[in-house]
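**Q** One structure coming up, written as C-alpha cells, with questions to follow.
Numbering (the numbering used here), first residue to last: -18 to 122.
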C-alpha cells in the first residue's frame, strides 16, 4: 500500500513538473523574443530551445544548450554580434553576385530550368540579406 502511494506521488510530481515546463514554454513562445535585440535575443532563443529540449527529455541537447547559454552569458557582446552580422552580410553579398553571374550565363545559354533555379536562389539570398541588415540595424540603434 505504501509503495502504491509513493508511486502515485511520483506520477503527480512528474505531471506537475511537465505542466510547469509547458507553461514556461508557452509564456516564452508567446513573447517570442521578438522585442529583444542582441545578446538578450540570442539568450532568449536558446532558452526557448532549451525548454523544448527539456520537455522532450533530450538530455544531450539540454547539455549542449546549457553550455551555449553559459557562453552567451559570459562572452556575448553587441560589438561581437555586429562583427558576425557584418561578416554574414559580406558573405551573402558575395553569394548574390555569384548567382547574378550564373543567372546571366543561364539566360545567354537559354537554359530556362537553370534561369528559374538561379532566380530563386537570388531571391532567397536577397531576402536573407534584408533580414541580416535589419538585424544589424536593430543592434546599432
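Ideal Cβ placement from N, Cα and C applies to all residues, glycine included.
Check whether the Cβ atoms of residue 113 and residue 70 lie closer than 8 Å to each other.
**A** On the chain shown, residue 113 is found 132 positions in, with the first residue counted as 1. On the chain shown, residue 70 is found 89 positions in, with the first residue counted as 1. Yes.
**Q** How many angstroms separate the CA atom of residue 37 from the CA atom of residue 24?
**A** Translated into the one-based positions of the chain shown, residue 37 becomes position 56. Translated into the one-based positions of the chain shown, residue 24 becomes position 43. Whole-angstrom Cα-Cα distance: 20 Å.
**Q** Helix, strand or coil, according to DSSP, for residue 39 in the structure here?
**A** By 1-based counting over the chain shown, the position of residue 39 is 58. In this structure, residue 39 counts as coil in the three-state DSSP scheme.
**Q** Could you give the DSSP three-state label for residue 71: helix, strand or coil?
**A** As a working mapping, residue 71 is identified with position 90 in the chain shown. Correct three-state label for residue 71: helix.
**Q** Would you call the segment 85 to 105 in contact with the segment 54 to 68, where contact means no fewer than 3 C-beta pairs closer than 8 Å?
**A** They do not touch, by the three-pair rule.
**Q** Do you know offhand how far residue 100's Cα is from residue 63's?
**A** Within the chain shown, numbered from 1, the residue matching residue 100 stands at position 119. Within the chain shown, numbered from 1, the residue matching residue 63 stands at position 82. The straight-line gap from Cα to Cα measures roughly 29 Å.
**Q** Can you list, in chain order, the residues of its chain with a C-beta nearer than 7 Å to that of residue 54? Leave out the 5 residues immediately preceding and following it.
**A** Along the chain shown, read from residue 1 onward, the residue named residue 54 stands at position 73. If we look at residue 54 and ignore the five residues flanking it on each side, its Cβ neighbours are 24.
**Q** In the DSSP assignment, find the alpha helix (DSSP H) that holds residue 98 and state where it starts and stops.
**A** Residue 98 sits at position 117 when you count from the first residue of the chain shown. Residues 93 to 121.
**Q** Please classify residue 80 as buried or exposed, where buried requires at least 16 other C-beta atoms within 10 Å of its C-beta.
**A** As a working note, residue 80 is residue 99 in the chain shown. Looking at its Cβ environment, which holds 16 or more other Cβ atoms inside 10 Å, residue 80 is buried.
**Q** Give the straight-line distance between the Cα atoms of residue 27 and residue 86, rounded to the nearest whole angstrom.
**A** The count along the chain shown starts at 1 and reaches residue 27 at position 46. The count along the chain shown starts at 1 and reaches residue 86 at position 105. The straight-line gap from Cα to Cα measures roughly 42 Å.
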